[in-house]
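Line by line, the protein sequences give chains A and B. Mapping the first sequence onto my numbering, position 76 (from 1) lands on 76, and the numbers just tick up by one. Residues are numbered in my numbering as their position in the second sequence, beginning at 1, plus a constant of 1000. For each residue, glycine too, the CB sits at the ideal point set by N, CA and C. Model, not experiment: these values are computed from the prediction. Read through the structure below, which is laid out as structure tokens, and then see the notes.
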Amino acid sequence: MKRLHVVQAQAGDVDAFESLVRQHTPAVYRVCFSLVGADLASDMTQEAFVAAWRSLDRLGDPARFGAWIYRIAVNCCRTSLRRAPRIRDISLDLNARERARAVPTSARFEPQVELRATLMPALARLSFDHRTVLALHYAADLPIRDVARVLDIPEGTAKSRLNAALSQVRLALEEPDRG
Amino acid sequence: MADDRFGGESGDRAQSGDRAQSGDRAESLLRALAAVPVPPALEAEISARVRSAPPPRRTPVRAGRAFLALAAVIAVAVGAIALNGGALPVQPAPSGTAQPTDLAVGPSGAPSPAASPSAGVSPASSPNATPASTPGASPVAPGPIAAGPALLLAGTSLRAEPAAASTTVRVARKGAVVYVLEGSVTNAEGTWRLVQWDGDVSGWRVDGFVGWVDEDRLAANAEHHVPSCPAVPTLLDLTALTAGERLTCYGSAPITLSPVVPVRLHYGGPTSVWLAPDQQGDPFTSIPAFVSEGDPARVLPMYQWLTVTGHFDPGAILGCDTSAPADEPDIDYLKCREEFLVGPTEPAEAPDTVAHGSWRTTARAPIHGSSDSAAVWTGKEMLVLTSGAAPRSAAYDPVADRWRVLPPSGLGGRYAPASVWTGEAWFIWGGNIDGAELDDGAVYDPRRDRWRPVADAPIGALSAAAVWADDRVLVLTVDGQLALYSPPDDTWTRLPDAPVTRGWTQLFWMGQEAVALSWGEAVAEPVRMATFDPVAETWSSLLDTPLSAANSSAGVALGGRIYIANDVYNQIDDEGRWSNGVYDAATREWQPFRQTCGSSAGPIVATSDRLITDRWLLDPIVEACLALPRALERANSGETTREGPAVVWTGTELILWSGGTGGDGVPPPNDGAIFRPGP
């Protein structure tokens, strides 16, 4: 069915493409959220789908739409960062960490609060490539071999990037004030 | 090929098996990313944008050599009719390998234009290829192929398997040129051909596809396309042909290329070794090579200038399994046919398109490495300020090959500050850190080896660009606030706001006026520009440029012109916007800029009359490019890559310092390299 939607969309069927949008938007948004932060994630998700719609003719194998849209999204995010100040890579709430500290303990560990206050600053320290493997693996829930396929890198490289990125995140979480 | 596991939210947790189950805090937080709530209106917003956007376009093509070749192909193909009476003129090659034949797919019964006369030899490996013979076709002028909805041929479905019930890979478009990659397979449902449309399987044209088509249907909708095949092709000639055209032209005939350089390029496909025209290489100017990793006799001397003899379509040689069942095409088999099997090699002289000169390393800096450091050249030293939470600054003297640590600047951590050498001092201002924009700065005086803070600015804390405008620093924020800073007086003067679009902004000083390029925040919008007259203190109105905002903004001012040189050649998008351009301040006009050097990981800097990067040296007037020799390998890496290095031109040498190594967890080493152009 997914492939049929892609083929139909390639023939200009916007309804079929909207089916693909519904199917892939959550994961694509979360990848963008991980790469550029909440402020830009919606815009980049939109950019990715519009770019995909306009370039559907370039997608050779309809079965690869999933990998393709992730790749477009990653490229959109990368492009946005080239034109934005570096730290806005992961656009944060100003002083989110401090605000989180003011949150009652019971609520502090609510995932979203801790994500924005703790994880996102840690991700901001990573290179874009490292953030990308983390985003695809965790936010989009792709296994390593699929991360490698999306990024067109060897699986071993994807694994090493993931391990390195994880180490850096752990270090950043342990030493949040070390830049 | 099936890839349905990229299925949105469905995920693949159970299959991954390779995710650490440590349960540590980092992983716990990272897993929470998969539960980040999606804005409720997002899907509707996307749908609205999609419905207001043009429909899927035709396959875009690149400008430049490859574009011209493809334009000619399409000129032949569009509107073609079947000429062959249903019989496909595809014959097995003498080796037993089915030879590729270019076929132009067109609607049956449509008028047929003429085939372009071949400028070279007849296609070598399609002996029965019949040129289309209808006269009167006009050549396609250089430029983008008009975007528009694809013309679909009902029923000409290309399928994943040689069966009518198989999944449709693609419905062929009128005018598409396909290549018959495999001999026919006959089954109960008919006779089938494996064809490839666009792209290749060797690595970078990932958008191509391969599929089976019913032979009768193909014959009824296709005619032969005859590519132009230079009799003695150069590497340049070969890169102007598509993979299928190379096979059609030369089959497995021996070809000698000289001088070429084996380089490693990774573009996602199975090919990692390419034959390039220089020691850098890129997929536009290089061809994929076939090398047996296990045979020492066939190990190429990488990055050396060679004369290479070999051929495409290596067939059964060295692991290309031509005995693979025809109904089970294997991508490696196809790959092998597209790659150039490297045979005998000999050392060769470097061509005159390679810059003379040599690289040397710098002493290791006494500060930590960093990407995106601010850097200026004082006339004697390179000054660098690292980016990040704890910036350090140091000075490097390339004559003495010696570093010295600068005193503390007093500046807090920051990324991307405005940085300008004023002729006597180094001005640093603004930047951002932890999501906050900064509005403080400092000036370093190398004669006194002392920093002092910059007076409070009358403009807000926003990212800014700065230029040295004769005797003042002109600072422009991304939202258009403009101010002049006078270093001797430590004073600011507020000036009229610029009419820029909020977003990434560049500022160039052209001698008598400043030019602001506004890249905006939406890729779909054009890059805009405005000019500032410092005498009248007025801005021009905001004008659209022909540049595409989809590209990065590698640019530099030189000799009264602004050069934007993002990519090799000048890529033109569907809106007709350019990736490269040159603005002449005298005529106030933009022209396309066909730099042929390729992209660069580092910034472009200007010498007295050239543009230079870590990869190339370009004379912008004649658009002549010289590739730099391969850079030295990094201190902690076997790679030469420098992502976001500090770069200065000293007047005689290019100094690169630090920068990322490519993202495999290696912190930016504090190493540097110097390129000194030779005579």
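In this structure, DSSP gives TRP1509/B an extended state, which the three-state scheme calls strand.
Taking C-beta atoms as the reference points, PRO1667/B and GLY1369/B count as a pair closer than 8 Å. SER1409/B counts as buried, since no fewer than 16 other beta carbons sit within 10 angstroms of its beta carbon. Flagged as an interface residue toward chain B: GLU18/A, by a C-beta distance shorter than 8 Å. For GLU1245/B, the enclosing alpha helix (DSSP H) covers residues 1243 to 1250. For the region 128 to 141 of chain A, the beta-carbon criterion of a distance under 8 Å to any beta-carbon of chain B is satisfied by PHE128, ASP129, HIS130, LEU134, ALA135, HIS137, TYR138, ALA139, ALA140, ASP141. Straight-line measurement puts the Cα of ALA135/A at about 12 Å from the Cα of LEU119/A. For TRP53/A, the enclosing alpha helix (DSSP H) starts and ends at 38 to 54. Bridge pairing for CYS1625/B: LEU1618/B [DSSP].
Contacts between VAL50/A and chain B, judged by CB atoms closer than 7 Å, involve ARG1049, VAL1050, ALA1053 in chain order.
Using a Cβ distance threshold of 8 Å, PRO1417/B and ALA1374/B count as a contacting pair. Nearest to VAL36/A by alpha-carbon distance, out of ALA139/A, GLN168/A, ARG145/A, is ALA139/A.
Per the DSSP secondary-structure output, GLY1388/B pairs in a beta bridge with ARG1414/B. Contact check for LEU1611/B and LEU1618/B: beta-carbon distance about 4 Å, within the 8 Å limit, so the pair qualifies. Any Cβ of chain A closer than 8 Å to the Cβ of THR1168/B would place that residue at the interface, and such an atom is present. Secondary structure of PHE1675/B (DSSP, three-state): strand. Chain A places a beta carbon closer than 8 Å to that of LEU1042/B, counting this residue as a contact.
Any Cβ of chain B closer than 8 Å to the Cβ of LEU173/A would place that residue at the interface, and such an atom is present. Taking one beta carbon from each stretch, the region 1446 to 1458 of chain B and the region 1487 to 1497 of chain B have 3 or more pairs nearer than 8 Å; the two touch. When Cβ-Cβ separations below 8 Å define contact, GLU1346/B makes no contact with chain A. For ASP129/A, the enclosing alpha helix (DSSP H) has its first and last residue at 128 to 134. Interface criterion not met: the Cβ of VAL74/A is under 8 Å from no Cβ in chain B. The beta carbon of LEU115/A sits closer than 8 Å to some beta carbon of chain B. The beta carbon of THR132/A lies closer than 7 Å to those of LEU35, VAL74, LEU151 in the same chain, with the five residues before and after it left out. For GLY1211/B, the closest of GLY1251/B, ALA1164/B, VAL1648/B by C-alpha to C-alpha distance is ALA1164/B. Residue-level contact check: GLY1281/B does not touch chain A, since none of the beta carbons of chain A fall below 8 Å from its beta carbon.
Between ALA1514/B and PRO1534/B, the gap from beta carbon to beta carbon is short of 8 Å. Here THR1491/B carries a strand assignment [DSSP, helix/strand/coil]. Per the coordinates, the alpha-carbon of ASP1479/B lies some 14 Å from the alpha-carbon of ALA1466/B. Taking the CA atoms as reference points, ARG125/A sits about 16 Å from GLU1027/B.
Secondary structure note for VAL150/A: it is in no beta strand (DSSP E), and the uninterrupted alpha helix (DSSP H) holding it is 144 to 151.
Contact with chain A is found for ALA1026/B, since one of that chain's Cβ atoms lies less than 8 Å from the residue's Cβ.
ILE1433/B is bridged by DSSP to ALA1436/B.
The C-alpha of TRP1509/B is placed about 22 Å away from the C-alpha of LEU1654/B. Counting only residues of its own chain and dropping the five nearest sequence neighbours on each side, TRP1649/B has a CB closer than 6 Å to the CB of VAL1605, THR1607.
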